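One structure is given here, and the rest of the page talks about it.
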């Protein structure tokens, strides 16, 4: 009994506590509602005040990009005086007239040194690559680009072996020339107005364009509507990545790609895209037709789909201002086109993947 | 002991004379206020309060006091024995875990980490050698994959399901076959002469470097933490046991002094035996634990710490070698920006790992405490310096476009003075150093653990004897009141 009493009292006490707590909760809820409404009102007010601000800022952002765009446009206009892909005679691939003379300073320096130093690729099958099973110790690198490099060495120095081939990364092509690490770069390098600001190019030695590569069994028909819902791989910083980024903003019938196309996969090197494709991590690859062909040559189950959707030319890049060397290389290219050397090299390396060629692109001169 | 008791403390005539100290004196019951009728009035009255009252009453008579003293002494001695047994069992078990469970597991985790890095290095070495890779390199690769797979099973068996370690092990178990698949694809493409093989190798290497090795490192860190925890539970002084020991011995001494002052008798055999036993336990406890502790501490300082640093060095050298190979496999395929300059990603990683290797070797040299431990570390350091020199040559050759020269300088035959030779020397020296430090750990930790052997059981037995001695000694004195 004695024990039960306090327990009872405790229960009663608890009940009261509960009631009191309940009342407090109710009243709190009431105030909470008022407070919540006040906060909501305040937030709305803040948003209402800030939205125009952010919108303004957004506009400013667009405006500044607009200005930037304008800057680019102005730059293009300024440069348009001597470089414009759309104007005949001012295309970037138009180079200096060929000249076989070897008295210029740049050519003389090479002759004095006794060997030609060329920046090349070693990861592009059929263009510039290393055959791991090659037994010969002298012909380490081989491919279409390497043939051309040897041809230039042969013409200038009298022997195709008076040459040092340096494997250089894609993003080191221009700095390597500017630093003088190499005399020239023969490395599937596209001639563009922007690059002409930094280096000089020979005439075009190959025509290509961005192209889609996909498994033979794939429903991808090429660039355009059939890419809907597909995952596409591109190399980081490549033309393909830029082109696709722009294409996402355009409707399909104006040369864009469907919104459902996933272009988020980018890799350090174009060849890594074939790895991703084989592992099923992507459905298609977009890269240069020439490099796409080199990928297709390593995997018989994939093929180039559709036509190239851009037009690009590869050229030999040299130091800006080395006009005598540019003219000398253009002369080599003239001969290379005429004497069948170009065709022989194409048939050896590229025909199997790209099909028979219509011959080298016609040179354009300023 | 047969003299009649000293008059000064003569028992009062009314004292009840129970022969057993446990039986409460009669008159205490009379002295206690009647409990039953008072219960409703004072409901809080408990058995405890009653006991206290009885004790108070008992303490007024000498036999009562003696009984209380006897009980407290026995209790103290038993508590001493029990805490000693308990604390030393814990420490002994932790020391045993250090020796037989957590250190081997930590070493296993390090082996997993090392085997994976080694397999990755072997894969790239084989790749560099061409489509037909040398049998020795292939064997090394396969052996490392087998080791990693095997040790993962051991590690899984000793991990609680659902723990972070178990998740890491599961992750590694998923990634290992994926990695192996990529390497096989790389090999198949390389055999056909396709540069695609190199791309696969880089992808596999990426998986290894960014997913597998960090997971293995994580596992290694966790196992090391577990080892550290076991050390932390094995080495602290058993203060509770020591405290009880001091109390028990102090109590026994006080009881004997009291006995002497009241009876003029110097020795009470029971109490003396109890004191002796308790002192033995306390000494054994303090000395044994100090010895064990010093053994364990030395196994940590000279064994575990050296082993950790050496494992780190070994892994750094393996990673450096793998990256060195990959500079030639992938030249130009991947680059990073370092201080505004574009550098080959793998060469940058190589240099980073070599710096780590140099740091770890320095640390290992500082930790090595004898000639046998120092020698291999010094040798590894010399080989590392030679490696760096030769690497510079290889880079110079590569930079002027002499690929074959660079290749020979890295995986060539002996007359080319390749960096591979230096790497092998570093690797062998580190293996020697690791074996030495492991042996040192086993000896020290074994000595430490052995110093605790028998202590829990011995302490318990001696404490029971001491308690019995105390009770008998007091009982002897009590019997004089008959």
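Protein chains in written order, with the working numbering: chain A, 1287 to 1652; chain B, 34 to 515. We treat Cβ as the ideally placed atom computed from N, Cα and C, and that holds for glycine. These numbers come from a predicted model, not from an experiment.
| query | result |
| --- | --- |
| Residue 164 of chain B: CB within 7 angstroms of a non-hydrogen atom of the ligand ATP | Absent from the structure shown: the ligand ATP. Ligands present: none. |
| Chain A residues whose Cβ lies nearer than 8 angstroms to that of residue 232 of chain B | 1409, 1555, 1557, 1558, 1560 and 1561 |
| 8 angstroms Cβ cutoff, residue 163 of chain B in contact with chain A | yes |
| Assumed close pair residue 219 of chain B, residue 160 of chain B - CB separation to whole angstroms, cut-off 8 angstroms | 7 angstroms |
| Residue 300 of chain B burial status per 10 Å Cβ neighbour count (16 or more: buried) | exposed |
| Within chain B, the residues that residue 1450 of chain A reaches when beta carbons sit closer than 9 angstroms | 433, 434 and 435 |
| Contact list for residue 1415 of chain A against chain B, beta-carbon separation under 7 angstroms | 228 |
| Euclidean distance between Cα positions of residue 84 of chain B and residue 503 of chain B | 23 angstroms |
| Under the three-state DSSP convention, the category residue 1384 of chain A falls into | coil |
| Residue 1541 of chain A versus residue 1497 of chain A: straight-line alpha-carbon distance, rounded | 13 angstroms |
| Enclosing beta strand (DSSP E) for residue 1548 of chain A [first to last residue] | 1548-1553 |
| Under the three-state DSSP convention, the category residue 1475 of chain A falls into | coil |
| Extent of the continuous alpha helix (DSSP H) to which residue 134 of chain B belongs | Taken as a continuous stretch (DSSP letters only), residue 134 of chain B belongs to no alpha helix (DSSP H), as it is neither H nor E. |
| Secondary structure of residue 1591 of chain A, DSSP reduced to three states | strand |
| Residue range of the unbroken alpha helix (DSSP H) whose run includes residue 1433 of chain A | 1430-1443 |
| Within chain B, the residues that residue 1384 of chain A reaches when beta carbons sit closer than 9 angstroms | None at all; the shortest Cβ gap to chain B is about 27 angstroms. |
| For residue 168 of chain B and residue 1451 of chain A, the rounded distance between their alpha carbons | 31 angstroms |
| Contact under 8 angstroms by Cβ, residue 1447 of chain A with residue 1431 of chain A | no |
| Residue from B:224, B:138 and B:158 whose Cα sits closest to the Cα of residue 451 of chain B | B:158 |
| Residue 1403 of chain A, enclosing beta strand (DSSP E) - first and last residue | 1402-1406 |
| Short-range partners of chain A found in the stretch 233-244 of chain B, where Cβ spacing is below 7 angstroms | 233 and 236 |
| Residue-level contact to chain A via CB, residue 223 of chain B, 8 angstroms cutoff | yes |
| Which of helix, strand or coil DSSP assigns to residue 440 of chain B | helix |
| Reference residue 1388 of chain A, options A:1526, A:1476 and A:1617, closest by Cα | A:1617 |
| Where residue 491 of chain B sits in the DSSP three-state scheme | helix |
| 7 angstroms Cβ shell around residue 153 of chain B - same chain, five flanking residues per side excluded | 238, 241 and 355 |
| Three-way DSSP call (helix, strand, coil) for residue 1340 of chain A in this model | For residue 1340 of chain A, the predicted structure reports a pLDDT of 43, less than 50, and the residue's modelled location is therefore unreliable. A value from the coordinates is still provided. Helix, per DSSP. |
| Against chain B: residues of the stretch 1581-1597 of chain A by CB proximity under 9 angstroms | 1581, 1583, 1584 and 1585 |
| Cβ-based burial, residue 437 of chain B [other Cβ within 10 Å; buried from 16] | exposed |
| Closer than 8 angstroms to chain B by CB, residue 1461 of chain A | yes |
| Neighbourhood of residue 1440 of chain A by C-beta, 6 angstroms cutoff - its chain only, sequence neighbours within 5 removed | 1446 |
| Residue 297 of chain B, buried or exposed, once every other Cβ within 10 Å from all chains shown has been counted against 16 | exposed |
| Residue 1458 of chain A at chain B interface by Cβ criterion, 8 angstroms | yes |
| Cβ-based neighbour list, residue 1347 of chain A, same chain, cut-off 7 angstroms, excluding 5 preceding and 5 following | Confidence at residue 1347 of chain A is low in this model, with a pLDDT of 31, below 50, so its placement is unreliable and the value that follows should be read with caution. Excluding positions up to five away in sequence, the list is empty. |
| Interface flag, residue 1501 of chain A vs chain B, CB-CB below 8 angstroms | no |
| Cβ pair count under 8 angstroms reaching 3, the stretch 343-352 of chain B against the stretch 497-514 of chain B | no |
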